[in-house]
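Counting in the numbering used here, the sequence shown runs from 1 upward without gaps. Note that beta-carbon positions come from the ideal geometry of N, C-alpha and C, so glycine has one too. Predicted model only: the values in this text are computed from it and were never measured. Okay, structure first, notes after.
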Amino acid sequence: MLQLTGNLEGLKPRQLQNLRRLTRRKIDEDYILSNEIAKELTLLSTEISRQIGIIVDRKGKILSVIVGDDKQILIPELERERSSRLRELRLIHTHLKNEPLTEDDLYDLTLLRFDTITAITINGNGLPEKFYSARLSPESEKGYELLDIERPGQYKYNYKELVQLIEEEFKKHYQTTKEADNLPKAILVGVYTPEMRKKRKPEHSMEELKELCRTAGVKPIDIIIQKRDKIDVSSVIGSGKLKEITFLAVQKDADMLIFDRELSPSQAIKISRETGLKIIDRTQLILDIFAKHAKSRDGKLQVELAQLRYLKGRLSEKDDNMSRLTGGIGGRGPGETKLEIGKRRVEERIHRLEKELKKIKQKREINRKSRKKSGIPVISIVGYTNAGKSTLLNAMTNANVFSENLLFATLDPTTRRVRFPEEKEVIIADTVGFIYDLPPDLEKAFEATLEELQYSDILIHCIDASDPLKEQKIKDVNYILERLGLHTIPQVLVYNKIDLLSEEEQKEFLNQNEDNNIIGISALKRIGLDILLRKILKLLNYNFHKNYNEKNFDTKELVMN
1 MLQLTGNLEG LKPRQLQNLR RLTRRKIDED YILSNEIAKE LTLLSTEISR
51 QIGIIVDRKG KILSVIVGDD KQILIPELER ERSSRLRELR LIHTHLKNEP
101 LTEDDLYDLT LLRFDTITAI TINGNGLPEK FYSARLSPES EKGYELLDIE
151 RPGQYKYNYK ELVQLIEEEF KKHYQTTKEA DNLPKAILVG VYTPEMRKKR
201 KPEHSMEELK ELCRTAGVKP IDIIIQKRDK IDVSSVIGSG KLKEITFLAV
251 QKDADMLIFD RELSPSQAIK ISRETGLKII DRTQLILDIF AKHAKSRDGK
301 LQVELAQLRY LKGRLSEKDD NMSRLTGGIG GRGPGETKLE IGKRRVEERI
351 HRLEKELKKI KQKREINRKS RKKSGIPVIS IVGYTNAGKS TLLNAMTNAN
401 VFSENLLFAT LDPTTRRVRF PEEKEVIIAD TVGFIYDLPP DLEKAFEATL
451 EELQYSDILI HCIDASDPLK EQKIKDVNYI LERLGLHTIP QVLVYNKIDL
501 LSEEEQKEFL NQNEDNNIIG ISALKRIGLD ILLRKILKLL NYNFHKNYNE
551 KNFDTKELVM N
């Protein structure tokens, strides 16, 4: 920490010397400040017509002197690592215009976790008149408590006792609010313009963001939705809202802010510096989930490539938000490369990954040609993430693909060859789940995987029938399929999880005419699978065994290679 910092331009050598001399002074440990120090500060401040502040530790030692202008002081960046939740420091500064503590003062107190903050007003003789102080208070709705006004020589508070009270309150507060699951806690932030709200309701987007957090192992503790005419270029949400969220984060002991959009590097840096929190955007969160769930070699390579492409434009020596991405949410890496590497090494690694993935692509091309030569039809299961695609593959092929009630639980594409009793074969493929506004870096990295879909004879569009947002998600998936040029492939709409619906709704799905290309099933309970297979075979011009029905249908009779 610099001993003397701030607006020093134009000061005389004698004035600079007097300011430096303050750093050799000490305040009695029992008091917030002393008459002598207060007098020196006000006289110097009056002489130079600038605010002066001092940062003092709990032993009364003055660590730093800050010179501002006539309206404010700018506190230098303090070390982020601290032994406790508090900085164990206090801030004392002069006010030239006889005003009490300002909103910015209280913001600094809360954000920077000072024990106390004090503003000294000055009388006509340049001497201290009143002391306005506030202390941190986790029990308060605002996160701080204003103290009674003091005057020189009329001190009401013992500083040691005040610090002890603050420590006890914080200890009690965090013991009460401590989560048993010990997951990192996040405030979710969504900012939406009118154009964005036309495409999708903010509430729907935030629900999906909550699910992404659950999958990534993050506990959402609050949701902030802001509707703006246009996005704030520097901070996305604007300075006022940013302060409000910072207060909330301190009060609720949040570890991070997660934004429901991709942030530019400059936006992430600014928000991180303003809040002192780890900043994660939607793209990072999705990349993190993919990194967590990638199991195969090519899956890991594709995720690592997407992460490095995302990271490439965000590497900066001044970007302290990136330094907080090492490990934990937003910093998971599936490959050998650590994320905190230089730009040159990132470029080299990207080039190597692209070469490896090109070889994998060529190998897949050979496999595709082999399949095409053999004339075996390919059926691909597509759909929104967590619609039950892997469970459906397991039910149809008696496979044992990992499935769980999480977004992107299975990342690596899986194929199974199935032979029906009439010696007819098909290949059924499970693909990575779709999601609204899939990050471009991720889509580009997985282009080789998505290419596989182009060679499908039928697409099974798996839909979660119990999802209240299913109609919107159907539109999202169809939009992605159209963008990938896959909308001309015959498609069967399969409403999965009908066992979660009422009996009446289940009957309605099961009585659907197969010609409508709409089929209701429960992959988990194995309901309606015979109807689905009859439809598939009909589209492939295969004859389905006339004795097959729901009662005696058993995928164990299917032969897999």
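Item to check | DSSP three-state assignment for Gly650, whether helix, strand or coil | outcome: Residue 650 is absent from the structure shown; the chain starts at 1 and stops at 561.
Item to check | Proximal residues to Leu11 (C-beta, below 8 Å), its chain only, five neighbours per side dropped | outcome: In the sequence shown, the residue the question calls residue 11 occupies position 11. For Leu11, where only same-chain residues beyond five positions count, the Cβ hits under 8 Å are Leu19, Ile48, Val67.
Checklist entry - CB Glu354 to CB Leu287, shorter than 8 Å? => result By one-based count along the sequence shown, residue 354 stands at place 354. By one-based count along the sequence shown, residue 287 stands at place 287. No.
Item to check | Secondary structure of Gln491, DSSP reduced to three states | outcome: The residue labelled residue 491 in the question sits at position 491 within the sequence shown. Three-state DSSP puts Gln491 in a strand.
Next on the checklist: Taking 8 Å as the threshold (C-beta atoms), are Ser522 and Ser456 in contact?
Outcome noted: Taking the sequence shown and counting its residues from 1, the one referred to as residue 456 is at position 456. Taking the sequence shown and counting its residues from 1, the one referred to as residue 522 is at position 522. No, they are not a contact pair.
Item to check | Simplified DSSP state of Asp298, which is helix, strand or coil | outcome: Residue numbering aside, residue 298 sits at position 298 when the sequence shown is read from its first letter. Residue state, collapsed to three classes: helix.
Checklist entry - Which word fits His351, buried or exposed, when buried means at least 16 other C-beta atoms lie within 10 angstroms of its C-beta? => result By 1-based counting over the sequence shown, the position of residue 351 is 351. Exposed, by the Cβ-count rule.
Next on the checklist: Between the region 209-223 and the region 469-486, can you find at least three pairs of beta-carbon atoms closer than 8 Å?
Outcome noted: no
Checklist entry - Does the distance from the CB of Val562 to the CB of Ile463 come in under 8 Å? => result A query on residue 562 cannot be resolved here, the shown segment of the chain reaching from 1 to 561 and no further.
Checklist entry - For Tyr563, which beta-bridge partners are listed by DSSP? => result Absent from the structure is residue 563, since the part of the chain shown begins at 1 and ends at 561.
Checklist entry - Leaving out five residues before and five after Thr337 in sequence, what residues of the same chain have Cβ atoms less than 6 Å from its Cβ? => result Mapped onto the sequence shown, residue 337 falls at position 337. The predicted position of Thr337 is uncertain, since its pLDDT is 45 and thus under 50; no value can be drawn from it.
Next on the checklist: Let's see if you can read the secondary structure: which residues bound the alpha helix (DSSP H) around Ser390?
Outcome noted: Taking the first residue of the sequence shown as 1, we reach residue 390 at position 390. 389-397 is the span of the alpha helix (DSSP H), which, as asked, contains Ser390.
Checklist entry - Should Glu452 and Ala429 be called a contact, given that it needs their Cβ atoms to be closer than 8 Å? => result Your numbering for residue 452 matches position 452 in the sequence shown. Your numbering for residue 429 matches position 429 in the sequence shown. Yes, they are a contact pair.
Checklist entry - Which residue from Gly126, Thr116, Lys185 puts its Cα closest to that of Leu162? => result Residue mapping note: residue 162 aligns to position 162 of the sequence shown, counting from 1. Among Gly126, Thr116, Lys185, the Cα nearest to that of Leu162 is on Thr116.
Checklist entry - Cβ atoms of Pro202 and Ala38: under 8 Å apart, would you say? => result On the sequence shown, residue 38 is found 38 positions in, with the first residue counted as 1. On the sequence shown, residue 202 is found 202 positions in, with the first residue counted as 1. Taking 8 Å as the Cβ cut-off, Ala38 and Pro202 do not qualify as a contacting pair.
Checklist entry - What three-state label does DSSP hand Thr385 in the structure shown? => result In the sequence shown, the residue the question calls residue 385 occupies position 385. Note: Thr385 maps to coil in three-state DSSP.
Item to check | Gln454 in three-state terms, based on DSSP | outcome: Position 454 of the sequence shown, counting from 1, holds the residue named residue 454. DSSP places Gln454 in helix when its eight states are reduced to three.
Item to check | For Gln164, the three-state DSSP class (helix, strand or coil) | outcome: Looking up residue 164 in the sequence shown gives position 164. Of the three classes helix, strand and coil, the one that applies to Gln164 here is helix, per DSSP.
Item to check | Buried/exposed call for Ser390, threshold 16 Cβ in 10 Å | outcome: For the purposes of this step, residue 390 is taken as the residue at position 390 of the sequence shown. The residue in question, Ser390, is buried, as its Cβ has 16 or more Cβ neighbours within 10 Å.
Checklist entry - Shortest alpha-carbon distance to Thr431 belongs to which of Thr414, Gly143, Leu510? => result Walking along the sequence shown from the start, residue 431 turns up at place 431. The option with the nearest alpha carbon to Thr431 is Thr414.
Checklist entry - So is Met560 buried or exposed if we call it buried at 16+ other beta carbons inside 10 Å? => result For the purposes of this step, residue 560 is taken as the residue at position 560 of the sequence shown. Model confidence at Met560 stands at a pLDDT of 39, short of 50, so the residue's coordinates are unreliable and nothing is read from them.
Checklist entry - By a C-beta neighbour count over all protein chains shown, 10 Å radius and 16 as the cutoff for buried, is Asn552 buried or exposed? => result On the sequence shown, position 552 is the one that residue 552 refers to. Reliability fails at Asn552, whose pLDDT of 42 lies under 50, so the model's placement of it is uncertain and no value is given.
Item to check | Proximity below 8 Å, CB of Arg113 to CB of Ile32 | outcome: Counting from one through the sequence shown, the residue named residue 113 turns up at place 113. Counting from one through the sequence shown, the residue named residue 32 turns up at place 32. Not a contact, by the Cβ cut-off of 8 Å.
Checklist entry - Would you call the region 186-202 and the region 226-243 touching, i.e. three or more CB-CB distances under 8 Å? => result yes
Item to check | 8 Å CB neighbourhood of Leu263 in its chain, flanking five on each side removed | outcome: Taking the sequence shown and counting its residues from 1, one reaches residue 263 at position 263. Excluding residues within five positions, the ones whose Cβ falls inside 8 Å are Val236, Ile271, Ile279, Asp281.
Item to check | Under the three-state DSSP convention, the category Gln226 falls into | outcome: Counting from 1 along the sequence shown, the entry for residue 226 is found at position 226. Gln226: strand per DSSP, three-state reduction.
Checklist entry - In three-state terms, what does DSSP make of Arg273? => result Residue mapping note: residue 273 aligns to position 273 of the sequence shown, counting from 1. DSSP places Arg273 in helix when its eight states are reduced to three.
Checklist entry - With a CB to CB cut of under 6 Å and the five nearest residues on each side skipped, what residues in its chain are close to Leu500? => result Along the sequence shown, read from residue 1 onward, the residue named residue 500 stands at position 500. Once the five neighbours on either side are set aside, the close Cβ partners of Leu500 are Ser466.
Checklist entry - What's the C-alpha gap between Pro220 and Leu257? => result Within the sequence shown, residue 220 is the residue found at index 220, counting from 1. Within the sequence shown, residue 257 is the residue found at index 257, counting from 1. Distance between the alpha carbons of Pro220 and Leu257 is about 9 Å.
Next on the checklist: On the CB-based measure, 16 or more other CB atoms within 10 Å of its CB, does Asn386 come out buried or exposed?
Outcome noted: As a first step, residue 386 must be located in the sequence shown, where it is residue number 386. Buried: at least 16 other Cβ atoms inside 10 Å.
Checklist entry - Quick one: what's got a C-beta closer than 8 Å to Gly528's C-beta in the same chain, skipping five residues either side? => result As a working mapping, residue 528 is identified with position 528 in the sequence shown. The residues are Ile498, Phe509, Leu510, Ile519, Gly520, Ile521, Ser522, Glu550.
Checklist entry - How big is the Cα-Cα spacing for Phe186 and Ile376? => result To locate residue 186, count along the sequence shown from 1; it is residue 186. To locate residue 376, count along the sequence shown from 1; it is residue 376. The question names Phe, but residue 186 is Ala in the sequence shown. Going by the C-alpha atoms only, they are around 48 Å apart.
Checklist entry - So the beta strand (DSSP E) Ser64 belongs to, where does it begin and stop? => result As a working note, residue 64 is residue 64 in the sequence shown. Element bounds for Ser64: 62-67.
Checklist entry - Which residue or residues does DSSP assign as beta-bridge partners of Gln154? => result The sequence position of residue 154 within the sequence shown is 154, counting from 1. Answer is Arg151.
Item to check | Validate contact between the region 58-66 and the region 117-133 using beta carbons, cut 8 Å, 3 pairs | outcome: no
Item to check | Beta carbon of Val250 nearer than 8 Å to that of Leu111 | outcome: Taking the sequence shown and counting its residues from 1, one reaches residue 250 at position 250. Taking the sequence shown and counting its residues from 1, one reaches residue 111 at position 111. For Val250 and Leu111, yes; Cβs fall inside 8 Å.
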